[in-house]
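Asks:
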Amino acid sequence: MIKRVNLQPHGPTVNQLTHKDNDETVLQFTHQQQHNTGNPLLPSVWILDTGAAEHVCSSLSYFSKYQFINPVHIKLPNGNFFVAHISGTIIFPNIFSLDNVLYILDFKYNIISVQKVTEVLDYKLIFYKDFCVMQDPTTKRMIGLAKANQHLYLLHNSCVSHSNSVCNSTFISKTQNKNPFDLWHFRLGHLSYQVLKIVKKHSPYVEFNDNTVCDYCHLAKQSRLPFPTSNSK
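Numbered by the working numbering, the letters in the sequence shown go through residues 40 to 272 in order.
Listed below in structure tokens is the structure:
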């Protein structure tokens with residue numbers, strides 16, 4: 040946990056974009072994800088920020104645990120300052136967890152510091168034009184996918200309140216049962232999303248969710264891991 044005291048307005052920075060178009064982008068993405076997943080819980084949207092020094096969250100309900108800390112001043116590029124008095128842990132079900140996330144009530148966005156993810160979690164982030172892949176460098180397994188929208192890379196976390204039993208039961212159910220998209224994807228030989236979209240047009244009963252990630256497809260495109268050293272001849 041963060042234990043340092045910083046009463047002077049020269050603390051870590053968060054690269055917050057205050058343009059109106061970015062507000063609308065995050066809002067539209069949130070509504071779209073809620074419609075696609077059918078989850079009654081409002082999903083949270085996180086911005087992958089290469090210029091942020093700290094993880095920042097705007098809602099206390101997103102935390103699985105938290106505690107009060109000495110004041111930490113957050114400086115924005117526009118010169119404004121926010122003060123955080125709470126820090127905690129936020130869990131992305133079946134993906135990863137973020138520690139030392141600062142809670143700021145009046146903050147507009149949820150920010151993931153790319154620098155902290157690569158340093159603390161030791162994950163690899165590969166940025167493409169339309170998306171960003173979060174990858175475990177050891178197993179080469181894709182653990183997260185952020186989509187590019189209006190020059191922002193947005194990561195979706197459908198489970199926003201870990202104190203809610205409905206949220207926890209939803210996560211358990213999803214990890215134990217394959218969803219309809221998985222079944223069609225596997226049955227048809229791991230078809231690409233573009234082909235499945237065409238199939239859905241002709242067969243409405245085929246469910247399609249482009250937020251679903253297939254680990255097998257991802258691993259198949261990676262270089263093979265080296266074989267372990269044999270101790271026997």
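The beta carbon of each residue, even a glycine, is placed where N, CA and C say it ideally should be.
#1: Would you mind reading off the limits of the alpha helix (DSSP H) that contains T89?
#2: Which residues does DSSP list as the beta-bridge partners of L184?
#3: As a quick exercise: from Y101, F131, N117, pick the residue whose alpha carbon is nearest that of L144.
#4: Taking Cβ positions, are Y142 and I125 nearer each other than 8 Å?
#5: Closer than 6 Å by C-beta to I165: which residues in its own chain qualify, once you throw out the five before and the five after it? Chain order, please.
#6: Use the C-beta contact count for G183: other C-beta atoms within 10 angstroms, 16 or more gives buried, fewer gives exposed.
#7: Going by DSSP, which residues form a beta bridge with V111?
#8: Just list the residues that DSSP pairs I150 with in beta bridges.
#9: Assuming L160 and L87 form a contact by the criterion Cβ under 8 Å, report the distance between their Cβ atoms to the nearest whole angstrom.
#10: Identify whether Y101 lies in helix, strand or coil by the three-state DSSP scheme.
#11: Please go through the same chain and pick out, in chain order, the residues whose beta-carbon is closer than 8 Å to the beta-carbon of Q106, but skip the five residues on each side of it.
#12: Could you say which of D138, A92, L115 lies nearest to Q154 if we only look at CA atoms?
#13: Measure the CB-CB distance between I150 and L137 and report whether it falls below 8 Å.
#14: Taking only three categories from DSSP, how would you classify Q106?
#15: Any idea if P79 is buried or exposed, counting beta-carbon neighbours within 10 angstroms, 16 or more meaning buried?
#16: Report the partner residues of N25 according to the DSSP bridge assignment.
#17: Using a Cβ-Cβ cut-off of 8 Å, state whether L87 counts as contacting chain C.
#18: For K179, name the three-state secondary structure that DSSP assigns.
#19: Take the Cβ of H94 as the centre, count every other Cβ of all protein chains shown within 10 Å, and call the residue buried at 16 or more, exposed below.
#20: Who are I134's beta bridge partners in DSSP?
#21: With a threshold of 16 other CB atoms inside 10 Å of the CB of Y167, please say whether the residue is buried or exposed.
#22: In the DSSP output, which residue or residues are listed as bridge partners for L160?
#23: Take F146 as the anchor and find which of F135, K114, K186 has the nearest alpha-carbon.
Replies: A quick look at the data gives this:
#1: Here residue 89 refers to the residue found at position 50 when the sequence shown is read from its first residue. Per DSSP, T89 lies in no alpha helix (DSSP H) segment and is marked neither H nor E.
#2: Your numbering for residue 184 matches position 145 in the sequence shown. Residue pairing by DSSP places L184 opposite V172 in a beta bridge.
#3: By one-based count along the sequence shown, residue 144 stands at place 105. In this structure, Y101 is the residue among Y101, F131, N117 with its C-alpha nearest to the C-alpha of L144.
#4: Here residue 142 refers to the residue found at position 103 of the sequence shown. Here residue 125 refers to the residue found at position 86 of the sequence shown. Result yes, Cβ atoms of Y142 and I125 sit closer than 8 Å.
#5: Numbered from 1 along the sequence shown, position 126 holds the residue referred to as residue 165. Within the same chain, Cβ atoms closer than 6 Å to the Cβ of I165 are found at V172, the five residues on either side in sequence being excluded.
#6: On the sequence shown, residue 183 is found 144 positions in, with the first residue counted as 1. Classification of G183: buried, given that the 10 Å Cβ count is 16 or more.
#7: For the purposes of this step, residue 111 is identified with residue 72 of the sequence shown, where counting begins at 1. Looking at the DSSP assignment, V111 forms a beta bridge with A123.
#8: Indexing the sequence shown from 1 puts residue 150 at position 111. According to DSSP, residue pairing for I150 in a beta bridge involves I86, V95.
#9: Locating residue 160 in the sequence shown gives position 121, where the first residue counts as 1. Locating residue 87 in the sequence shown gives position 48, where the first residue counts as 1. In this structure L160 does not touch L87 by the C-beta definition: roughly 13 Å separates them, more than the 8 Å allowed.
#10: One-based indexing of the sequence shown puts residue 101 at position 62. In the three-state reduction of the DSSP assignment, Y101 falls in the helix class.
#11: For this step, residue 106 is matched to residue 67 along the sequence shown. Correct list, in chain order: M40, I125, S126, G127.
#12: In the sequence shown, counting from the first residue as 1, residue 154 sits at position 115. Among D138, A92, L115, the Cα nearest to that of Q154 belongs to A92.
#13: Numbered from 1 along the sequence shown, position 111 holds the residue referred to as residue 150. Numbered from 1 along the sequence shown, position 98 holds the residue referred to as residue 137. Against a cut-off of 8 Å, the Cβ pair of L137 and I150 comes out as no contact.
#14: Locating residue 106 in the sequence shown gives position 67, counting from the first residue. Q106 falls in the strand class under three-state DSSP.
#15: For the purposes of this step, residue 79 is taken as the residue at position 40 of the sequence shown. Low per-residue confidence applies at P79: pLDDT is 35, beneath 50, and the placement is therefore not dependable, though the value from the model is reported in the following sentence. Exposed, by the Cβ-count rule.
#16: Not covered by the structure: residue 25. The range shown for the chain is 40 to 272.
#17: Absent here is chain C; the protein component of the structure consists of one chain.
#18: Here residue 179 corresponds to residue number 140 of the sequence shown, with the count starting at 1. Here DSSP, grouped into helix, strand and coil, assigns K179 to coil.
#19: Taking the first residue of the sequence shown as position 1, residue 94 is located at position 55. Counting Cβ neighbours within 10 Å, H94 comes out buried, since at least 16 surround it.
#20: Numbered from 1 along the sequence shown, position 95 holds the residue referred to as residue 134. Beta-bridge pairing links I134 to no other residue.
#21: Sequence index remark: in the sequence shown, residue 167 carries index 128 (1-based). Here Y167 is exposed: its Cβ has fewer than 16 other Cβ atoms, across all protein chains shown, within 10 Å.
#22: Here residue 160 is taken as the residue at index 121 of the sequence shown, counted from 1. Residue pairing by DSSP places L160 opposite no residue, since no beta bridge is assigned to it.
#23: Residue mapping note: residue 146 aligns to position 107 of the sequence shown, counting from 1. The residue from F135, K114, K186 with its alpha-carbon nearest to that of F146 is K114.
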